[in-house]
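I have placed the structure first, in the form of structure tokens, so that the comments after it can refer back to it.
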Ligand SMILES: Cc1cc2nc3c(=O)[nH]c(=O)nc-3n(C[C@H](O)[C@H](O)[C@H](O)COP(=O)(O)OP(=O)(O)OC[C@H]3O[C@@H](n4cnc5c(N)ncnc54)[C@H](O)[C@@H]3O)c2cc1C
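Numbering (the numbering used here), first residue to last: 1102 to 1499.
Structure below.
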């Protein structure tokens, strides 16, 4: 039997979160031994990340497009949101995976193209085994981003589910300077919220997507049907366009807890570590923040432990918002419309990213429909109290 590879840092899962960590380590060159364990070596285009932030980051050269303003559309009209000093940006996965690959080479990282099974942490070292229990890697620290469910189901368990078409035209069709962040003119589901969006990278190439925030995914050809309808709303003639790529996704929107530190030397990253914002599904900016923190910590000889992806008060606000939407206490479209109507765009966008101050959060809360949100907050508190009583009773029974 081969002896396990000995490293300082093991990346268990080599997708979005791990690629950002590799890219950040490649910049810092901290002189540590790294291993990546993933049955798939991610390459090429399998997803498109859209996110906001300030320009001038290390990822800027990789962007396919960025916008200084975005549109939010409701049946009532179109709102143009100026974003400066922020900007909305699009990164296709291929250049990030390429950058991570180059960093991997620079760091002399070991890649094990196999699934990881058990991750055993004795407080001194972590042993990552294959599914049959064979030790693959022994590491001082493991960063585990394998997809997983929350530790326990949330009180509200929704999904952000979507399909996007990359549409190509022979003649100028899209407005490259004009991105649509959310277009709520799509028919609304009985339970949940739907919207379309448009991210043009040129006047002939754009990502057009249909998204739902709701409890279950759609069946049959419902996403294609929704996209055809949305293209109609945009006035696009699909007979004159080619669908070059199709992008599907399902992202958790839940107040179920993800464990960011399941044991002393294991850190969970990405969606598995709670980086997916429950109220929006946005994940990318938090993953970037954490990757940068990890690389800086490693370079300084400190443990690779990032700060939590979002402040606890934001997780609570998200739980309340999800509950209010799920129990039908607020109308989804009206909720987002009001949020953008009563706040400057950069405050809303920074809130959705988890970087607003307490004072800004209070202002944001006061702009949401007060009574239904208070009912949702009371329901959330009652749910928490019931869960605490249940877990206390379980402890007593042991
Ligand atoms: C199509 C799509 C579009 C998205 N767009 C956006 C967006 O625009 N903005 C945004 O903020 N977020 C977006 N997200 C959400 C989020 O940013 C991505 O899902 C992101 O890739 C999450 O990174 P991750 O590392 O947590 O998971 P992943 O990137 O899914 O990586 C998980 C890795 O774990 C590996 N793995 C699985 N099992 C094992 C095992 N047993 N052992 C070892 N490795 C294993 C997988 O092969 C994979 O490489 C999108 C998600 C999808 C699916």
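For glycine and all other residues, C-beta sits at the position ideal for the given N, C-alpha and C. Because the structure is a prediction, the values reported are computed rather than measured.
When every heavy atom of ligand 1 is checked, does at least one fall within less than 8 Å of the C-beta of residue 1143?
-> yes
Flag this pair as touching only if the region 1119-1134 and the region 1195-1203 have three or more C-beta atom pairs under 8 Å; answer yes or no.
-> yes
Quick one: is residue 1288 buried, meaning 16 or more other Cβ sit within 10 Å of its Cβ, or exposed?
-> exposed
Does the Cβ-Cβ distance between residue 1152 and residue 1192 come in under 9 Å?
-> yes
With burial defined as no fewer than 16 other Cβ atoms inside 10 Å of the residue's Cβ, what is the status of residue 1243: buried or exposed?
-> buried
Within 8 Å: the Cβ of residue 1114 and any heavy atom of ligand 1?
-> yes
Residue range of the beta strand (DSSP E) that includes residue 1258 | 1258-1270
Can you check whether the CB of residue 1440 is closer than 9 Å to the CB of residue 1465?
-> yes
CB of residue 1231 within 9 Å of CB of residue 1216, strictly = yes
Name, in chain order, the residues that DSSP records as bridge partners for residue 1183.
-> 1170
Have a look at 1442, 1425 and 1456 and flag the residue whose alpha-carbon is nearest the alpha-carbon of residue 1468.
-> 1442
Express the C-alpha separation of residue 1225 and residue 1299 in angstroms, rounding to a whole number.
-> 49 Å
Just curious, the alpha helix (DSSP H) that residue 1324 is in, first and last residue?
-> 1323-1335
Report whether the distance from the Cβ of residue 1319 to the nearest heavy atom of ligand 1 is below 8 Å.
-> no
At least three beta-carbon pairs within less than 8 Å, the region 1278-1296 to the region 1305-1314 = yes
Among residues of its own chain, excluding the 5 on either side of residue 1395, which ones have a beta-carbon nearer than 6 Å to its beta-carbon?
-> 1122, 1405 and 1407
Neighbour-count burial assignment, residue 1415, 16 or more Cβ in a 10 Å radius | buried
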